[in-house]
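In this note's numbering, the protein residues as written are 13 to 423.
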Amino acid sequence: MLPAKVKNLWRLLHCRRVMDFTSLTRKAYHSRLVLGIETSCDDTGAAVLDETGTILGESLYSQNEVHLRTGGIIPTVAQQLHRESIEVVVHEALERSGVTPSQLSAVATTVKPGLALSLGIGLAFSQKFVRKHNILFIPIHHMEAHALTIRMLQPVPFPFLVLLVSGGHSLLAVARGIDDFLLLGYMLDEAPGDTLDKVARRLSLTKHPDCSTLSGGQAIELLARSGDRRKFPFRTPMGRIYDCCFSFAGLRSQITMSIIKKEAEEGIEQGTLLSCVNDIAAGTQHTVAVHLAKRTHRAILFCKENGLLPSDNPILVVSGGVASNQYICKALTVITEKTGLRLLCPPPRFCTDNGVMIAWNGIERLKEGRGILSPSEDVCYEPKAPLGVDISAKVRAAGIRLPPVRMKILS
Ligand code: KG4
Ligand code: ZN
Numbered sequence: 013m014l015p016a017k018v019k020n021l022w023r024l025l026h027c028r029r030v031m032d033f034t035s036l037t038r039k040a041y042h043s044r045l046v047l048g049i050e051t052s053c054d055d056t057g058a059a060v061l062d063e064t065g066t067i068l069g070e071s072l073y074s075q076n077e078v079h080l081r082t083g084g085i086i087p088t089v090a091q092q093l094h095r096e097s098i099e100v101v102v103h104e105a106l107e108r109s110g111v112t113p114s115q116l117s118a119v120a121t122t123v124k125p126g127l128a129l130s131l132g133i134g135l136a137f138s139q140k141f142v143r144k145h146n147i148l149f150i151p152i153h154h155m156e157a158h159a160l161t162i163r164m165l166q167p168v169p170f171p172f173l174v175l176l177v178s179g180g181h182s183l184l185a186v187a188r189g190i191d192d193f194l195l196l197g198y199m200l201d202e203a204p205g206d207t208l209d210k211v212a213r214r215l216s217l218t219k220h221p222d223c224s225t226l227s228g229g230q231a232i233e234l235l236a237r238s239g240d241r242r243k244f245p246f247r248t249p250m251g252r253i254y255d256c257c258f259s260f261a262g263l264r265s266q267i268t269m270s271i272i273k274k275e276a277e278e279g280i281e282q283g284t285l286l287s288c289v290n291d292i293a294a295g296t297q298h299t300v301a302v303h304l305a306k307r308t309h310r311a312i313l314f315c316k317e318n319g320l321l322p323s324d325n326p327i328l329v330v331s332g333g334v335a336s337n338q339y340i341c342k343a344l345t346v347i348t349e350k351t352g353l354r355l356l357c358p359p360p361r362f363c364t365d366n367g368v369m370i371a372w373n374g375i376e377r378l379k380e381g382r383g384i385l386s387p388s389e390d391v392c393y394e395p396k397a398p399l400g401v402d403i404s405a406k407v408r409a410a411g412i413r414l415p416p417v418r419m420k421i422l423s
């Protein structure tokens, strides 16, 4: 039996194509420091991690406030902001870590999925950087990075079930390995974070004194704490579709209709804060939480029926920006308690986009010698990129009906 380190080295040597591999592998073998770079949406993030997951240095520039002012992400604006900050952010992360480029084993960068113009900035910068310093390059799938972040914080063995919920995605998958996922369900129209952002914008929550700098999701969570969800009992989407996919567009229409009705009742124009924003926020958050919980419940039952999770200590991981929401996590806890799973969720700062999760994904790949490229290799970004093998048709065909669950969630 070869020791694990030698095996990894062997894999590293055989997965690369060109260049002077001897010096590169020596570096990879001894130091194993990875610089992670994230620019897939509206956060420019960079971080340096060692292979134990210790964060040596980090920097994050959020564009949130700019996009709040313009009423949503304008891709050309996001691109320009990434262009202006990427060098500073990477420099800051390196400086804080006390690591020089020549001490890095690899640079890991998000190349899919995401906004084309944003991805392009991170990729172009990274390719120039790895070529200049002769470092290995590891292209990263943004959703894979969200899924694996928890393993940086605590040991979580494969397989586990993962729910990823963000501004661009909603999916349920079984993680069987660092790059081996079975996709059980995905979003059919818009992502939950996008829905929360749009509802917050329609409610003009940036005009609310407590919410002016918060993302839509954060604003809804904050206001919902003092709202009464029963005043806006929205219908939970897809009640008669027995799969694990998600839909939020219809819910957003329901919410918009209620807002229009309330504006008429209160005699105010769009753009003015309604007196019942807290109640609308509470109704919105509750319905999003219940929809996510129900699809997750079905995914758990499907996994159990098909032996996809270990019978001993099965785990549900939830991550992505929307997983910062405590109410949503509590709704998921109702389901995991009923089904005997353990719910794990990274703290909010690792749920929302950051360079740390990308660096960690790079470490995981470096350790297993998977998807590691020479600096000279050309890589293209991919705005759309599904995660894993899609078995959602099998889930749908199983047509699993959910037993009734009382969604009593205390905020
Ligand atoms: O993962 P992320 O940082 O970026 C994407 O990959 O999309 O997620 C951003 C999304 C935004 O839509 C934001 O409104 C939402 O996450 N979000 C939240 C909360 N914090 C951020 N949604 C609900 N509750 C929160 N506390
Ligand atoms: Zn994300």
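Glycine included, each C-beta is placed from N, C-alpha and C at the ideal position.
Is residue i near the ligand KG4 - that is, is its Cβ less than 7 angstroms away from at least one heavy atom of it?
i, result
"Leu160", "no"
"Gln230", "yes"
"Asp365", "yes"
"Ser265", "no"
"Asp206", "yes"
"Cys257", "no"
"Glu107", "no"
"Asn290", "no"
"Asn373", "no"
"Asp324", "no"
"Glu50", "no"
DSSP puts residue i in a beta bridge; with which residues?
i, result
"Tyr198", "Leu183"
"Glu70", "Ala59"
"Arg354", "Ile327"
"His94", "In the DSSP output, where bridge partners are listed per residue, His94 has none listed."
"Thr122", "Ile152"
"Leu48", "It should be noted that the sequence gives Gly, not Leu, for residue 48. Per DSSP, Ala59 and Ala120."
"Gly189", "Asp192"
"Asp402", "Leu195"
Quick one: does the C-beta of residue i sit closer than 7 angstroms to a heavy atom of the ligand ZN?
i, result
"His154", "yes"
"Gly57", "no"
"Gly333", "yes"
"Ser178", "yes"
Judging by CA-CA distance, which residue of the options is the nearest neighbour of residue i?
i, options, result
"Phe427", "Val168, Glu96 and Ala311", "With the chain running from 13 to 423 in the structure shown, residue 427 is simply not present."
"Leu72", "Arg81, Leu93 and Gly65", "Leu93"
"Leu353", "Met369, Lys316 and Arg361", "Lys316"
"Leu175", "Leu127, His103 and Val329", "Val329"
"Met414", "Val334, Thr248, Leu45 and Leu313", "Note that residue 414 corresponds to Leu in the displayed sequence, not to Met. Nearest C-alpha to Leu414: Leu313."
"Lys306", "Ile292, Leu285 and Ile340", "Ile340"
"Ile309", "Ile292, Ser323 and Lys350", "The sequence shown places His at residue 309, not Ile. Answer by Cα proximity: Lys350."
"Leu286", "Cys357, Pro249, Asp324 and Arg213", "Arg213"
"Cys223", "Arg81, Ile403 and Val391", "Arg81"
"Gly229", "Ile67, Gly333 and Asp62", "Gly333"
"Gly179", "Thr348, Gly319 and Gly126", "Gly126"
"Thr248", "Arg264, Thr161, Glu99 and Trp372", "Arg264"
"Tyr198", "His303, Leu355, Ile375 and Leu321", "His303"
"Asp192", "Ala410, Arg382, Arg408 and Val407", "Arg382"
"Met250", "Ser259, Gly132 and Arg242", "Ser259"
"Ala294", "Gly189, Gly262 and Ser423", "Ser423"
"Arg408", "Cys257, Ala128 and His154", "Cys257"
Quick one: is residue i buried, meaning 16 or more other Cβ sit within 10 Å of its Cβ, or exposed?
i, result
"Ile272", "exposed"
"Val401", "exposed"
"Arg418", "exposed"
"Ile86", "exposed"
"Thr299", "buried"
"Gly84", "exposed"
"His103", "exposed"
"Cys392", "exposed"
"Met369", "buried"
"Asp390", "exposed"
"Arg377", "buried"
"Ile152", "buried"
"Ile327", "buried"
"Glu50", "buried"
"Pro416", "exposed"
"Lys420", "exposed"
"Lys210", "buried"
"Lys140", "exposed"
"Ile384", "buried"
"Gln297", "buried"
Consult DSSP for residue i and reduce its assignment to one of helix, strand or coil.
i, result
"His220", "coil"
"Ser281", "Position check: residue 281 holds Glu in this sequence, whereas Ser was assumed. Correct three-state label for Glu281: coil."
"Lys394", "It is worth fixing the name first, because residue 394 is Glu in this sequence and not Lys. Coil at Glu394, not helix or strand."
"Thr248", "coil"
"Asp255", "coil"
"Leu414", "coil"
"Leu173", "strand"
"Leu131", "helix"
"Leu385", "strand"
"Gly228", "helix"
"Pro322", "coil"
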